[in-house]
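To start, the structure under review is shown below, and the notes come after it.
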Amino acid sequence: MRIGLAGVGRIGAFHAETLTALPVVDDLVVTDVNADAARAVADKLGVAWAESPEALLADGVDGFVIAAATNAHASLIRAGIEAGVPTFCEKPVAGTLAESLELAKLAASADVPVHIGFQRRFDAGYRAAAEAVAGGELGFLHTLRAVTGDQAPPHAAYIPTSGGIFRDCNVHDFDIIRFVTGREVVSVFATGSNKGESFFSEAGDVDTAAAILTLDDGTIAQVSSSRYTGQGHDVRLEVVGSKGSVAVGLDDSLALRSVEPGVSFPPGPVHVSFMDRFLPAYRAELTAFAEVARGAIPSPCTVADALQAFRIAEACDLSRREGRVVRLDEVESL
């Protein structure tokens, strides 16, 4: 199998290494808007490089992996679909709801699988939680508590193009809540604040946020995030039901320090980034995409799935700005 990869930044370079290690991948071709960067990665891994995504697709590949900047996602997904090549793209599908809807319609009408990269779906803990829910072990669900905390904020230049904390950070929580519960969100109430760098507020964003989601069966999901979780990168989920409760991320790397007498848990070390926290999940995700590309399985996270998470983020941002409950049917859908 020959795979093409567009974008060789931090996540793209990691994906390139992962793909070359997969037994099913015989050849890899990389490209980037920075030709020198593409050549450097190609030389390091002993793979080919192309001058552009168009040249890469025209050269004949069995699968197309997109790890470029967010503003390039929509055009590259469209190019992959139009070329008839199974396509993987890091989230988000696009930078706006309108463009996401357009791509969801295109993907639905095309016979080309598209896999969107929500890596938490491939994390062992989240998958075990989903299995516990599906198997009825927890009884009826009534509460979920999801946390996403960056140890340190990204560079100031990133924030104006990030889409805001709900679309950039919590969109992962929104997707995994749907994945674990199998339910849809019907309404949200969200808030946020700034106590850190001024570049967040200058971009109309917040550095700390929270939202209450009501699911279609009455389950309540509490979601919180911050760019300033100094103890370490903190990503967790608690799922509470009438018969039992489970937690994801409650391990030795938990970015909390207990102040209870005689308690030494967690011993550490903590995770410092999403790459560190989800390394095995990213590898499992690309392994699954290789299976999608060769026609063995359907897409495990479609454009339609990504659109639903994006719609929840849109609703939360609207709720934060207007200070009110927002129903999901207020946000445009397919």
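The sequence shown maps to residues -5 to 328 in this note's numbering.
Just so you know, even glycine gets a beta-carbon here, dropped at the ideal spot from N, CA and C.
Within the model, the alpha-carbon separation for A63 versus G256 is close to 47 Å.
Counting along the chain, the unbroken alpha helix (DSSP H) around F193 starts and ends at S192 to E196.
If you draw a 10 Å sphere on the C-beta of R4, you find fewer than 16 other C-beta atoms in it, and that means exposed. Within its own chain, the residues whose Cβ lies closer than 6 Å to the Cβ of V23, once the five positions on either side in sequence are excluded, are G(-2), A42, A44 and L50, listed in chain order. The beta-bridge partner set that DSSP reports for A34 is empty. For the options S46, P17, A123 and T12, the alpha carbon positioned closest to that of V27 is the one of S46. Nearest neighbour of I75 by Cα position, chosen from A88, V106 and A68, turns out to be V106.
Its chain contains E45 as the residues whose beta carbon lies nearer than 7 Å to that of A29, once the 5 sequence neighbours on both sides are disregarded; these appear in chain order.
Between G133 and V2, the alpha-carbon positions lie close to 45 Å from each other. Rounded to whole angstroms, R161 and F259 show a C-alpha spacing of 33 Å.
Annotation: D228 is outside any alpha helix (DSSP H); the continuous beta strand (DSSP E) that includes it extends over D228 to G235. If you look at T185, you'll find it in the beta strand (DSSP E) that goes V179 to S187. Contact annotation: D167 and A140 have beta-carbon atoms nearer than 7 Å.
In the three-state scheme derived from DSSP, where H, G and I count as helix and E and B as strand, G130 is classed as coil. Our two residues, I110 and R315, have alpha carbons roughly 28 Å apart in a direct line. Annotated three-state conformation of R315 is helix, per DSSP.
Counting only runs of 3+ residues, the beta strand (DSSP E) found wholly inside the stretch 38 to 67 occupies 57 to 60, in chain order. Cα atoms of S313 and C83: separation of roughly 28 Å, rounded to the nearest angstrom.
In this structure, DSSP gives F116 a helical state, which the three-state scheme calls helix.
Within a 10 Å sphere around the beta-carbon of P263 sit fewer than 16 other beta-carbons, which makes this residue exposed. The count of Cβ pairs closer than 8 Å, one atom from the stretch 209 to 222 and one from the stretch 164 to 179, reaches three, so the stretches are in contact. Membership of I206 in any alpha helix (DSSP H) is not indicated; the residue belongs instead to the beta strand (DSSP E) covering T202 to L209. Annotation: A215 is outside any alpha helix (DSSP H); the continuous beta strand (DSSP E) that includes it extends over I214 to S220. Per DSSP, reduced to three states, the secondary structure at R161 is helical.
Excluding the 5 residues flanking it on each side, T223 has same chain C-beta neighbours closer than 8 Å at G143, D144, Q145 and A249, in chain order.
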